[in-house]
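Below is one structure, written out as structure tokens, with a few remarks after it.
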Amino acid sequence: MSRPSMRRIALLPLGVAVLFAPSLLGGSASVYSAAVLIAILAVMSYGLDVIVSDLGEVSLGHTVFFAVGAYATALLSTRAGFGAWGTLAASIAISLVFAAVIGLVTLRLREFVFSLVTYAVAVVAMSLAANWAFLGGSDGVRGLPMLDLSFAGLSLTARTDRELWPYAFGMLVVAIYLVDRFRNSRLGAAAIMTHLNPRLATVGGIDPARVRLQVFLFSAPITATAGWLYAYQRAYVSVDILENYFLILMLTAVILVGRRQLLGPLLATALVLTQEKFFSFGGYVDKIVLGSVLVMVLAFFPQGLMGLARPLSRLFRMFRPAAKVVAESKPTASTSLEISK
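Structure (structure tokens):
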């Protein structure tokens, strides 16, 4: 059995533990609300993770795809009577269109220019959402129906966070599976080669611009799907979905544990939201804490928390031989008895 297959099997018990974690932690409404939000925002971050970790680009406009999924869901469900399956399909389709347009314009740019252009796209999107009456303006879009994924006579609805949790968990599992499959695919290998050595990739027959666009098209629907479920959880959508908080959260989730760590965005999102939901210092202070964590990780731990494991393991190996020598030189009870004789 290959290593990826063994790793996926090893994740099964962890997945079961996560599924039942809210009930094991008390099962209160606040616990389920936090669990659903962690799953949603982790999926949002996985979309950016493949851009930053695999492609080596920093997209500062990925909140646009999150907003696309949320606004498409809100508008289609309240004004056109679309069901949850219809809004999901529309969120994915519209995000692909946006990703194609943004990608064709920006992915030929390099380094900080790409980041600045994507951030400009996010600023324009925020201005449109706040001032365009079609999108609800500053009041947003309210009155979304409950999530209803029923089909073939099978009732699949969710009115509360407790009922919404299995769907959020399922979406999280699908996102992690897709990212894992991407990293073990030809496109994933081409993305890494494009990131590390574009010239060598070109010599090897890889078109860097095409690869960048394909990865962008892969990542956008993941983040948009998170926006789709976020809209149903809140039952309304407004311009605050494009705030910098979500961008900073995504970036922190990608780098806090370590890049290219399959469960990294989930663990980082869980750490951040657990602090905000249960150990909060206040709204503004929490944002300062989140921003400070991002700055500190980038400045002192560029490889994330996983980067600390390497020097700690080296330190352990340094002291282990000394401890072994001391243990071997220490007289045992039988040796002491022989000496006394």
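Heads up, the sequence shown is in this note's numbering, so the first residue is 47 and it goes up one at a time. Cβ coordinates follow ideal geometry from the N, Cα and C atoms, glycine included.
Is Ala-281 helix, strand or coil when you go by DSSP?
Position 235 of the sequence shown, counted from the start, is the residue given in the question as residue 281. In the structure shown, Ala-281 sits in coil (DSSP, three-state: anything other than H, G, I, E or B).
With respect to the alpha helix (DSSP H) encompassing His-241, which residues constitute its N-terminal and C-terminal limits?
Along the sequence shown, read from residue 1 onward, the residue named residue 241 stands at position 195. Counting along the chain, the alpha helix (DSSP H) containing His-241 begins and ends at 232-242.
Would you list the one or two residues that DSSP bridges to Ala-146?
Taking the first residue of the sequence shown as 1, we reach residue 146 at position 100. The partner list for Ala-146 (beta bridge, DSSP) is empty, contrary to what the question assumes.
Please work out which residues of its chain come closer than 6 angstroms, Cβ to Cβ, to Leu-383, disregarding the five sequence neighbours upstream and downstream, and give them in chain order.
Sequence index remark: in the sequence shown, residue 383 carries index 337 (1-based). Bear in mind that a pLDDT of 41 at Leu-383, under 50, signals an unreliable position, so the number given afterwards is only what the model happens to contain. So the list is empty, once near-sequence residues are dropped.
Checking 8 angstroms against the spacing of the C-beta atoms, do Val-169 and Ile-140 come in under that value?
Within the sequence shown, numbered from 1, the residue matching residue 169 stands at position 123. Within the sequence shown, numbered from 1, the residue matching residue 140 stands at position 94. No, the pair does not count as a contact, with Cβ atoms beyond the cut-off.
In chain order, what residues of the same chain have a beta carbon less than 7 angstroms from the beta carbon of Ala-118, not counting five sequence neighbours either side?
Residue mapping note: residue 118 aligns to position 72 of the sequence shown, counting from 1. Contacts found: Thr-133, Ala-136, Ser-137, Ile-140.
How many angstroms separate the CA atom of Gly-328 from the CA atom of Thr-320?
Locating residue 328 in the sequence shown gives position 282, counting from the first residue. Locating residue 320 in the sequence shown gives position 274, counting from the first residue. When rounded, the distance between both Cα atoms is 13 angstroms.
Only counting the same chain, and skipping five residues up and downstream in sequence, which positions put a Cβ closer than 6 angstroms to that of Asp-207?
Residue mapping note: residue 207 aligns to position 161 of the sequence shown, counting from 1. Closer than 6 angstroms at Cβ, skipping near neighbours: Tyr-78, Ser-79, Val-82.
Tell me, please, whether the region 265-280 touches the region 61-76 by the rule of three or more beta-carbon pairs shorter than 8 angstroms.
Because the criterion of three Cβ pairs below 8 angstroms is not met, the region 265-280 and the region 61-76 do not touch.
Considering only the beta carbon of each residue, do Ala-221 and Tyr-92 sit closer than 8 angstroms?
In the sequence shown, the residue the question calls residue 221 occupies position 175. In the sequence shown, the residue the question calls residue 92 occupies position 46. Taking 8 angstroms as the Cβ cut-off, Ala-221 and Tyr-92 qualify as a contacting pair.
Taking the Cβ atom as the reference point for each residue, do Phe-262 and Gly-149 lie within a distance shorter than 8 angstroms?
Taking the sequence shown and counting its residues from 1, the one referred to as residue 262 is at position 216. Taking the sequence shown and counting its residues from 1, the one referred to as residue 149 is at position 103. In contact: Phe-262 and Gly-149 (Cβ atoms closer than 8 angstroms).
Give me the residue from Gly-304, Ala-130, Ala-314 with the minimum Cα distance to Phe-197.
Working through the sequence shown from its first residue, we reach residue 197 at position 151. For the residues Gly-304, Ala-130, Ala-314, the minimum Cα distance to Phe-197 belongs to Ala-130.
Compute the beta-carbon to beta-carbon distance between Gly-350 and Val-303, rounded to the nearest angstrom, for a pair I have assumed lies under 8 angstroms.
Taking the first residue of the sequence shown as 1, we reach residue 350 at position 304. Taking the first residue of the sequence shown as 1, we reach residue 303 at position 257. Going by Cβ atoms, the distance from Gly-350 to Val-303 rounds to 5 angstroms, so yes, they are a contact pair.
In this structure, what does DSSP give as the bridge partners for Asp-194?
In the sequence shown, residue 194 corresponds to position 148, counting from 1. Looking at the DSSP assignment, Asp-194 forms a beta bridge with Thr-203.
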